[in-house]
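Visitor:
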Amino acid sequence: MTIQLTVPNMACSACANNITNAVKTVDADAIVQADPQTKLVNVETQASETSIKDALAAAGYPPA
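The sequence shown begins at 1 in UniProt numbering and counts up one residue at a time.
And the structure:
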């Protein structure tokens with residue numbers, strides 16, 4: 001399943017790395033594409049959308 005989220009406070013590539021790491025705590029096999037310019041995060045995962053959003057919020061990057 002692919003989840004597309006907007007993360008308004010993703011400002012740089014370090015933020016994108018933090019977001020990727022947060023997703024991988026939920027699903028280690030997830031494929032994450034995070035673009036600081038567009039603020040979009042695409043996640044290819046078997047985990048639920050809720051668990052992905054919760055992980056991002058816990059890392060300080062709550063999706064809009």
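For every residue, glycine included, the Cβ atom is placed at its ideal position computed from N, Cα and C.
1. Could you work out which residue in ASN9, CYS12, ALA16 is closest to VAL43 when comparing CA atoms only?
2. Measuring alpha carbon to alpha carbon, tell me which residue in VAL41, ALA28, LYS24 is nearest CYS12.
3. Just tell me which of PRO62, SER48, ALA55 has its CA closest to the CA of THR2.
4. According to DSSP, simplified to helix, strand and coil, what is VAL7?
5. DSSP three-state label for THR45, please.
Guide: Considering the structure as presented:
1. ALA16
2. VAL41
3. SER48
4. coil
5. coil
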